[in-house]
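Heads up: the sequence shown begins at 4 in the numbering used here, then just goes up one per residue. The structure appears below as structure tokens.
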Amino acid sequence: MIKPRKSKGKAADWLTEKDLRDAKPGEKVYRIADAATPEMKIRVQPTGRKLFEIRYGPNQSKSYVLGRWPGMTLETARAECQRILVEIRDHGAPLSVVEERKALEEVAAEQDAAQAAEAAAAKETADRKAGRLIVTLGDLITHKLEDHLTINQKAGKGNVGRLRAKWAELLDRPLTSITAAEVEDEATKRLKAGIKNGTVNRDVGVLKSAMARAVKLDIIPSHPLGKIKPKSERLTGVVRYLGSDEADPDEEKRLRAALAARDQAAIEARRRTVVANRDQHAGLELIPDDGFADHLTPMTLLALNTGCRRGELTSLVWADISFARKVLTVRAGYAKSDKARHIDLNSEAIDVLTRWKKQKPAGKLFEVHSIKKAWAALLADAKITDFRFHDCRHDFASRLVQAGVDLNMVRELLGHSDMKMTLRYAHLAPRNTAAAVAKLVRTAAV
């Protein structure tokens, strides 16, 4: 409510300090107009407070307080009112109100942005955990590769481990930021450190396969490592097999003798233990006179007669052995080439398997994860150096080639998918080149 001045005349309509002193509070707020500055009102509150106020905006719906009387005098309030009116005319509101509104809007915008970023981050985290969002190499391995490789590749679990171990520095990197140049540089660094070509090629190969999978799933648009070529394997042409050193042709004889001595020692030790009949050895059975100390002899002899890899041998179950047809089957599930192959068993292989089945009649043929220590001790007893268990496979292939077996047949028996691998043994085949060049001499003589 606005109380007008009762007295007439221009000067009489102007408020004075006395008017302000005499204004008494009522039950409700009321306002007193000032003819000198019509836009300014004096708001008198029930508490007795008296404020200089400007009403502005549509239908004077907005209020701006200039100050409180008597802290602000009437004369000062009129001058301040004129200044604020100019700001309202130019900016639609007093500048302090405009700036405060702007500051509040900025704070609100920052809060909205922070909340939006927090929500986006939470959603991204949830999507990544659920496998809906693949950004980094680590995301790809966890959500798209681990199960796929484990189910579809016999070496899938190992490849997942290789990815995480060999490329640990890339796990938190976005897939799109991984470049061929840095992978090539890392491969070169490893080669300089003495790591073998084959190992480096396998490390790079699993990473390339991971990226190819990401392209196939439309996670990245193109393969960034597609142009990287395997480092060439500089094969020496020398294949290690028993007796490959012409100065030491008796290696096979010493290896077999060491195996036999090892088995005989175990048979005699078991006999003494059983005869002693101690309580802690109750139920212990004798090893047959034609039996084996453990898995080492049958594994070694089978490798020498079939060319199977160690991993293939340790995966065999008795259902893979057909004594009637004299055939060993390497199933696709544990063949390196992912293709099953059938290997005919010679008389020694059949004899070894028949004897071993008496001691190990069910389950896997060889329940073992590692033969490293046993193999090293065996080679020491046989006085053989630089001969790995895998070289039993080379020995098998070398003896076949030396016996005149066709290289393609050797390739099938070994399970090579590429003839280039089998050609490593070609130089061992019987050769008629001496007779061929001798003809040149006879021709020249004629």
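C-beta atoms are modelled at their ideal positions from N, C-alpha and C, and glycine is treated no differently. Keep in mind it's a predicted model, so treat the numbers as computed, not measured.
task: For Ile91, count neighbouring C-beta atoms within 10 Å of its own C-beta (all shown protein chains included) and say buried if the count is 16 or more, exposed if not.
output: buried
task: Within the stretch 58-138, note down every full beta strand (DSSP E) run reaching 3 residues or more, in order along the chain.
output: Look at the stretch 58-138 and you find these whole runs of beta strand (DSSP E), each 3 residues long or longer: 65-72.
message: Spatial neighbours of Thr79 within its chain, please: C-beta separation below 8 Å, excluding the five flanking residues on both sides.
response: Gly70
message: If I measure Cβ to Cβ from Gly246 and keep anything under 8 Å in the same chain, skipping five residues before and after, which residues do I get?
response: Pro252, Asp253, Glu254, Glu255
- prompt: For Thr332, which beta-bridge partners are listed by DSSP?
  reply: His345
message: Among Trp17, Arg193, Gln48, Arg402, whose alpha-carbon lies nearest the alpha-carbon of Asn308?
response: Arg402
task: Could you tell me which residues DSSP pairs with Ile324 in its beta bridges?
output: Leu331
query: By how many angstroms is the C-alpha of Ala116 removed from the C-alpha of Glu108?
result: 12 Å
task: Can you tell me which of Ala119, Leu368, Tyr244, Pro301 puts its alpha carbon nearest to the alpha carbon of Asp266?
output: Pro301
task: With DSSP collapsed to three states, give me the class of Phe55.
output: strand
message: Tell me which residues share the same chain as Thr425 and place their Cβ nearer than 6 Å to its Cβ, disregarding the 5 neighbours each side in the sequence.
response: Leu410, Val413, Arg414, His419
message: Please report the distance separating the alpha-carbon of Ala158 from that of His151.
response: 12 Å
- prompt: Between Pro73 and the ligand SAH, is the CB less than 7 Å from at least one heavy atom?
  reply: What this structure holds is no ligand at all, so the ligand SAH is not there to describe.
message: Just to confirm before moving on: does the CB-CB distance between Val320 and Leu368 stay below 8 Å?
response: yes
query: Hey, is the stretch 213-233 in contact with the stretch 368-388, meaning 3+ C-beta pairs nearer than 8 Å?
result: Contact check between the stretch 213-233 and the stretch 368-388: fewer than three CB pairs, one atom from each, fall below 8 Å, which does not count as touching.
message: Determine whether the beta carbon atoms of Glu187 and Ile222 lie at a separation below 8 Å.
response: no
Other residues of its chain near Ala343: CB distance less than 6 Å, five sequence neighbours each side excluded: Arg334, Ala335
- prompt: Among Ala184, Leu98, Ala38, which residue has its Cα nearest to the Cα of Trp17?
  reply: The residue from Ala184, Leu98, Ala38 with its alpha-carbon nearest to that of Trp17 is Ala38.
field: Ala264 - DSSP class collapsed to helix/strand/coil
entry: helix
field: Own chain residues within Cβ distance below 8 Å of Glu56, not counting five before or after
entry: Arg34, Met43, Lys44, Ile45, Arg46, Ser66, Tyr67, Val68, Leu69
message: At the level of alpha carbons, what is the spacing between Tyr428 and Phe390?
response: 17 Å
Separation of Asp142 from Arg274, as counted between CA atoms: Arg274 and Asp142 have their C-alpha atoms some 58 Å from each other.
field: 8 Å CB neighbourhood of Cys84 in its chain, flanking five on each side removed
entry: Thr40, Glu42, Met43, Phe55, Ile57, Leu69
field: Three-state secondary structure assigned by DSSP to Ile290
entry: For Ile290, the secondary structure class from DSSP, reduced to helix, strand or coil, is coil.
- request: Quick one: which unbroken beta strand (DSSP E) runs of 3-plus residues sit fully inside the stretch 341-397? Chain order, please.
  value: 344-347
Thr182 versus Glu102, Ile270, Leu140, residue with shortest Cα-Cα distance: Leu140
field: CA nearest to the CA of Gly173, picked from Ala261, Glu189, Gly161
entry: The sequence shown places Leu at residue 173, rather than the Gly named in the question. Nearest C-alpha to Leu173: Glu189.
query: Where does Tyr337 sit, in a helix, a strand or coil, going by DSSP?
result: helix
query: Where Pro28 and Arg52 are concerned, what is the direct C-alpha to C-alpha distance, given to the nearest angstrom?
result: 8 Å
Enclosing alpha helix (DSSP H) for Ile154 [first to last residue]: Counting along the chain, the alpha helix (DSSP H) containing Ile154 begins and ends at 149-155.
- prompt: If you draw a straight line from the C-alpha of Glu249 to the C-alpha of Gly407, how long is it?
  reply: 20 Å
- prompt: When you compare each of Gly201, Asp347, Gly310, Ile198 to Phe326 by their alpha carbons, which one comes out closest?
  reply: Asp347
message: Please state the DSSP three-state secondary structure of Ala406.
response: coil
message: Counting C-beta neighbours from all protein chains within 10 Å, is the total for Lys423 16 or more, i.e. buried, or is it exposed?
response: exposed
task: May I have the straight-line CA-CA distance separating Ala432 from Ile144, to the nearest angstrom?
output: Near 46 Å, if we compare the C-alpha coordinates of Ile144 and Ala432.
query: Which two residues bound the contiguous beta strand (DSSP E) that contains Ile36?
result: Reading off the sequence shown, one finds Ala at residue 36, where the question assumed Ile. Ala36 -> beta strand (DSSP E) spans 33-36.
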